[in-house]
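Written out below as structure tokens is the structure these notes cover.
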């Protein structure tokens with residue numbers, strides 16, 4: 001069995017070692033659902049041994065209170081089990097048939113299934129303009145319209161706007177149509193050409209279902225998917241109905257050696273991730289997408305169509321089917337979808353050729369990594385393969401890699417608003433390593449890839465690939481396959497950023513301007529103290545203006561960092577992701593003041609050279625005027641950068 005990676009610290013692992021024991025003991029009192037398999041995959045009893053070992057270790061290592069999972073094979077549920085606690089306060093154990101976990105995006109295939117039902121019936125054309133079905137308009141930004149096929153493949157070309165995605169009160173949510181109209185993102189890429197994972201696109205697909213069927217989307221799913229499959233303990237309601245309240249798992253977050261219970265977080269575009277369900281209900285859904293299904297909600301030809309590849313930026317790497325992500329695990333094609341909603345993480349994996357599916361859900365942030373870890377361990381145990389030898393790195397490839405080196409920004413990002421600046425925090429850095437390998441770095445973590453063909457690289461330790469290609473805009477892009485080294489690179493391509501938009505240039509300009517303005521201010525104060533004769537008022541005001549610009553820029557940087565680090569430990573994410581905060585309002589006010597101060601510096605520069613207010617005599621010495629002019633140019637460059645990142649009133653895209 002593949003060793004499960006340690007997610008928590010050693011101290012935390014010791015503190016939560018008891019969780020593993022509790023999870024194991026609870027599994028004894030809540031016996032697993034095991035059905036005799038018709039295949040020779042494995043002795044069902046071995047599944048119990050395997051999952052007991054792996055999942056209990058995961059709960060302890062990652063400080064996760066509970067998990068629920070199910071395995072289906074050959075048209076039946078082969079295994080279903082709960083581990084640990086659904087509710088730490090009441091010590092309620094996880095029951096795979098009773099406990100509802102939130103799925104996040106792992107349930108997006110439910111939305112795509114609803115859409116494909118109407119495609120199957122001839123009521124929606126996969127290749128028609130979505131505006132054909134809408135009662136509002138998607139702007140014709142590009143010559144080619146957005147189609148349902150583009151939505152299915154996450155290639156409609158929308159920017160990704162985080163505002164309104166998660167909220168903490170039901171009053172902050174909007175009806176589906178209102179959300180789609182008021183939160184409509186800008187179209188930034190031609191449809192069908194760039195993959196940029198889109199929650200808005202998924203919600204838009206749901207609204208197509210609502211418009212064509214004539215009933216609300218949640219009602220449609222309940223009647224046309226949940227009811228026929230017997231998914232009696234599944235809902236899109238937020239929060240779930242009262243009769244499910246006692247069975248909903250709590251969401252938790254580790255903090256300072258303890259585990260805190262978080263709020264119920266509402267999903268703005270609810271079809272993109274609001275579902276709450278049980279492991280056994282998701283087993284029924286997986287069976288509907290595999291051969292030998294006991295219940296049908298799609299014709300077999302439609303099921304096969306959903307599993308056909310719809311898009312890939314390079315045929316040498318995995319792509320996306322009709323809503324299902326592709327990956328290759330131990331040489332086998334896998335269709336999967338993962339999801340996370342603050343405290344909850346889930347993953348659904350299908351091996352169509354083996355008539356097999358696995359679903360797992362966790363109720364703490366550590367589950368985000370645990371889903372793939374469990375799947376990989378499962379594949380290594382029951383479908384092992386001898387890995388192909390990794391290519392030998394060569395110093396001769398350094399020149400090849402240098403052609404791709406640089407900072408890359410994700411296509412899945414905001415463009416029209418202030419959230420655009422988050423691209424800097426998610427930047428991917430590509431460079432040549434000392435042994436001829438390509439190094440991919442995200443947030444300080446580095447993974448190595450080795451060249452195997454022009455534009456194609458393989459991970460140094462496993463069969464995972466990265467491909468570079470030329471995008472529709474002529475820039476260099478890359479995309480990873482379905483086994484990304486970094487979860488944040490799932491379902492999105494990345495383009496090489498221009499030099500002026502890179503993290504080092506931006507940081508150097510901002511911090512350099514702050515440092516020079518403040519040091520200049522200190523120097524001017526010392527000089528004024530030493531001088532016996534006071535300078536003209538205008539000259540003094542000019543220097544005060546420049547010093548104030550440096551202080552204001554420092555205040556902006558401090559409030560920016562403060563905004564992103566102002567987190568509620570129980571809800572994991574910074575408070576600003578749930579809505580505007582007072583600190584954010586302060587931060588967004590400062591650039592206006594900087595713009596006024598920058599204008600002042602421009603005016604004072606002209607006055608200094610012309611001697612305005614000083615009887616026509618230029619201020620200071622020539623080096624002094626050049627110094628001030630340089631500060632002014634730095635200030636203008638800083639304002640240009642803030643404008644580029646949409647942190648001023650005017651966007652500069």
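Residue numbers (full-length UniProt numbering): 1 to 653.
We treat Cβ as the ideally placed atom computed from N, Cα and C, and that holds for glycine.
Residue from 429, 411, 413 with nearest C-alpha to residue 404
Among 429, 411, 413, the Cα nearest to that of residue 404 belongs to 429.
Taking just the CA atoms, how far does residue 202 sit from residue 288?
Whole-angstrom Cα-Cα distance: 21 Å.
Residue interval of the alpha helix (DSSP H) (run including residue 520):
Annotation: the continuous alpha helix (DSSP H) that includes residue 520 extends over 503-530.
Select from 458, 236, 114 the residue whose C-alpha is nearest the C-alpha of residue 323.
Nearest Cα to residue 323 within the set 458, 236, 114: 114.
Could you tell me which residues DSSP pairs with residue 622 in its beta bridges?
Answer is none; residue 622 lacks a bridge partner.
Given that a residue counts as buried once 16 or more other Cβ atoms are within 10 Å of its Cβ, and exposed if not, what is residue 617?
Result: exposed.
Considering just the uninterrupted stretch of the alpha helix (DSSP H) at residue 215, what are its terminal residues?
Under the DSSP assignment, residue 215 falls outside any alpha helix (DSSP H); it carries neither an H nor an E label.
Three-state class that DSSP yields for residue 574 in the structure shown
Strand at residue 574.
From 392, 365, 347, residue whose alpha carbon lies closest to that of residue 375
Residue 347 is the option with its Cα nearest to residue 375.
Backbone secondary structure at residue 120 - three-state DSSP:
Residue 120: helix per DSSP, three-state reduction.
Ranges of the alpha helix (DSSP H) found wholly within the region 261-289, counting only runs of at least 4:
Within the region 261-289, the complete alpha helix (DSSP H) runs of at least 4 residues are 279-288.
Using the three-state DSSP reduction, which class does residue 150 fall into: helix, strand or coil?
The answer is helix: DSSP assigns residue 150 an H, G or I state.
Integer-rounded CB distance, given that residue 569 should sit under 8 Å from residue 255
Indeed they touch by this definition, with Cβ atoms about 4 Å apart.
Taking 7 Å as the threshold (C-beta atoms), are residue 302 and residue 116 in contact?
The answer is yes: Cβ separation under 7 Å.
May I ask you to report which of helix, strand or coil DSSP gives residue 540?
Look at residue 540 here: in three-state DSSP terms it is helix.
First and last residue of the uninterrupted beta strand (DSSP E) at residue 301
Per DSSP, residue 301 belongs to no beta strand (DSSP E); it is in the alpha helix (DSSP H), 300-306.
Selection from 632, 245, 577, 559 that minimises the alpha carbon distance to residue 602:
Nearest of 632, 245, 577, 559 to residue 602, Cα basis: 632.
Under the three-state reduction of DSSP, which class applies to residue 586: helix, strand or coil?
Helix at residue 586.
Along the chain, where does the beta strand (DSSP E) that runs through residue 254 open and close?
That run of the beta strand (DSSP E) goes 252-255.
For residue 627, the three-state DSSP class (helix, strand or coil)
Here residue 627 sits in helix by DSSP.
Grab the span of the alpha helix (DSSP H) containing residue 182 for me, first residue to last.
First-last of the alpha helix (DSSP H) with residue 182: 176-182.
Here's a check: name, in chain order, each residue in its chain whose Cβ is nearer than 7 Å to the Cβ of residue 587, leaving out the five neighbours to either side.
Cβ neighbours of residue 587 beyond the five flanking positions: 556, 559, 560, 563.
Once you ignore the five residues that flank residue 400 on each side, which residues in its own chain have a CB closer than 7 Å to its CB?
Only residues of its own chain outside the window of five on either side were considered, and among them 451 have a CB closer than 7 Å to the CB of residue 400, listed in chain order.
When burial is assigned at 16 or more other CB atoms within 10 Å of the CB, is residue 326 buried or exposed?
By the neighbour-count rule (16 or more Cβ atoms within 10 Å), residue 326 is buried.
Between the C-alpha atoms of residue 27 and residue 51, what's the straight-line distance to the nearest angstrom?
Unreliable placement is indicated for residue 27, whose pLDDT of 44 sits below 50; the coordinate value is still reported in the next sentence. Roughly 10 Å separates the two Cα atoms.
Could you check what DSSP says for residue 404 in three-state terms: helix, strand or coil?
Coil.
Sequence-distant residues of the same chain with beta carbon closer than 6 Å to residue 418, five excluded per side
The residues are 646, 647.
Would you give the residue range spanned by the beta strand (DSSP E) that residue 659 belongs to?
A query on residue 659 cannot be resolved here, the shown segment of the chain reaching from 1 to 653 and no further.
Through-space distance from residue 336 to residue 77, alpha-carbon basis:
Each residue's alpha carbon lies about 18 Å from the other.
Pick helix, strand or coil for residue 326, following the three-state DSSP scheme.
Three-state DSSP puts residue 326 in a strand.
Among residues of its own chain, excluding the 5 on either side of residue 691, which ones have a beta-carbon nearer than 8 Å to its beta-carbon?
The chain is shown from 1 up to 653; residue 691 falls before or after that span and cannot be answered.
Straight-line gap, residue 520 to residue 547 (C-alpha atoms, nearest Å):
So the two alpha carbons sit approximately 7 Å from each other.
Cα-Cα separation between residue 343 and residue 310, rounded to whole angstroms:
Taking the straight line joining both Cα atoms gives about 31 Å.
Looking at residue 305 and residue 274, is the spacing between their C-beta atoms short of 7 Å?
The beta carbons of residue 274 and residue 305 sit no closer together than 7 Å.
Status (buried if at least 16 other CB within 10 Å, exposed otherwise) for residue 124:
Buried is the call here.
Give a yes or no on whether the C-beta atoms belonging to residue 82 and residue 94 are separated by under 7 Å.
For the pair residue 82 and residue 94, the CB atoms are nearer than the 7 Å cut-off.
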